[in-house]
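The opening residue of the sequence shown carries number 344 in this note's numbering; numbering runs sequentially from there. Note that the Cβ used here is the ideal one computed from N, Cα and C, for glycine as well. Every value quoted in this text rests on a predicted model; they were computed, and no experiment measured them. What follows is a short report on a single structure.
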Amino acid sequence: MNIFEEMVKANKSFKAYAVVTVVNSNGIGTADSGKKMIMYADGMIVGTIGGGQFEFECMKIVRGMIAKGKTTEMINFSGVDLLVEVYDAGNTLVVVGGGHVGNCLLKTAKLLPFATILIDDRDEGLITESRELADHYIKCTNYEEAILSSEIPEGAYYFCAAWNHDFDAQGLKGALQKNPKYVGMVGSREKKDVLFAMLREQGVSEEQLDSIYTPVGLDIADGSPAEIAFAIMAEILMIKNNGTGENCKGIKTKFLSSNCDSMVEPVEEA
Numbered sequence: 344m345n346i347f348e349e350m351v352k353a354n355k356s357f358k359a360y361a362v363v364t365v366v367n368s369n370g371i372g373t374a375d376s377g378k379k380m381i382m383y384a385d386g387m388i389v390g391t392i393g394g395g396q397f398e399f400e401c402m403k404i405v406r407g408m409i410a411k412g413k414t415t416e417m418i419n420f421s422g423v424d425l426l427v428e429v430y431d432a433g434n435t436l437v438v439v440g441g442g443h444v445g446n447c448l449l450k451t452a453k454l455l456p457f458a459t460i461l462i463d464d465r466d467e468g469l470i471t472e473s474r475e476l477a478d479h480y481i482k483c484t485n486y487e488e489a490i491l492s493s494e495i496p497e498g499a500y501y502f503c504a505a506w507n508h509d510f511d512a513q514g515l516k517g518a519l520q521k522n523p524k525y526v527g528m529v530g531s532r533e534k535k536d537v538l539f540a541m542l543r544e545q546g547v548s549e550e551q552l553d554s555i556y557t558p559v560g561l562d563i564a565d566g567s568p569a570e571i572a573f574a575i576m577a578e579i580l581m582i583k584n585n586g587t588g589e590n591c592k593g594i595k596t597k598f599l600s601s602n603c604d605s606m607v608e609p610v611e612e613a
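Pasting the structure below:
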């Protein structure tokens, strides 16, 4: 087994996993130093660190570590030293439609720690640059089905900008069923009204509709695709980091602002 090839495969699957390496077996059993195993959050393993009851009991510990999120720790189990490296699914941005704004959003996401997925139904020659920008590309015939049948993790961020209103509706409906952190759609208030009426008829609840960000993005763009993309990503970061959207200059607190890159000066007590 090539552990690095398996790690690449794991990263492309957008699944949380851990790499477990035997650092020092201390001469115990079949857990030879250097043995490696990849374990996924669902318990599936590739490779081995020795097998048997020892490995089975280790899996229970590692599965708990995966559930807690990204970490690198040395543990000792039954006298064997193990290095456990946990990789979480990370932040996943799903772009429904690789047109002008979708293309610029994929470029913007390259500057940030987001894994990107592009979903599009068009001829691949029309979206060549967008396909190359995305970490993963899904060619579809129905956007809802593509989202639901893929391995996109829960808690992803979705942006819908398909070339057809019906396709945007499919993308929104699919995204809302994946426990998203954010769903945004480009378009006017008139487009919103039309699509929301369509989705209501298909059984989408008012609560789900209220969770959609549309018109999309913070009010900072000039209307060009590039600036709209930055406004969308700013909104996504605000949601991701529980930000306020305010200027850091105007935030008055005695503590560090987690969303600003500098310390905010203490405020004089009245």
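Asked, Found
"Taking contact to mean at least 3 C-beta pairs separated by less than 8 Å, is the segment 418-426 in contact with the segment 355-371?", "yes"
"Which whole runs of the alpha helix (DSSP H) in the segment 467-538 are 4 residues long or more, in chain order?", "471-476, 486-492, 508-519"
"Residues in its own chain within less than 8 Å of residue 402 by CB, not counting five upstream and five downstream?", "382, 386, 388"
"Where does residue 555 sit, in a helix, a strand or coil, going by DSSP?", "strand"
"Does DSSP put residue 454 in a helix, in a strand, or in coil?", "coil"
"If we ignore side chains and look at the alpha-carbon of each, how far apart do residue 485 and residue 376 end up?", "49 Å"
"Looking only at C-alpha atoms, which of 368, 456, 491 sits nearest to residue 477?", "456"
"Where in the segment 410-436 do unbroken runs of the beta strand (DSSP E), each at least 3 residues long, occur, reported from the N-terminal end onward?", "414-420, 423-430"
"If you count every other CB in all the chains shown that lies within 10 Å of the CB of residue 469, and 16 or more means buried, which is it?", "exposed"
"Let me check understanding here. Comparing Cα to Cα, which of 446, 513, 452, 534 lies closest to residue 568?", "446"
"Can you check which of these residues, 407, 499, 515, 367, is closest to residue 548 by C-alpha distance?", "515"
"Secondary structure at residue 547, three-state DSSP: helix, strand or coil?", "coil"
"Answer yes if the segment 516-527 comes into contact with the segment 497-507, meaning at least three C-beta pairs across the two stretches below 8 Å, and no otherwise.", "yes"
"Can residue 571 and residue 526 be called in contact, C-beta distance under 9 Å?", "no"
"Where DSSP assigns a beta bridge to residue 459, which residues make up the other side?", "436"
"Leaving out five residues on either side along the sequence, give the residues of the same chain with a beta carbon under 7 Å from the beta carbon of residue 322.", "Residue 322 lies beyond the range of the chain shown here (344 to 613); nothing can be said about it."
"Tell me, please, which residues DSSP counts as bridged to residue 391.", "Partner(s): none; residue 391 has no beta bridge."
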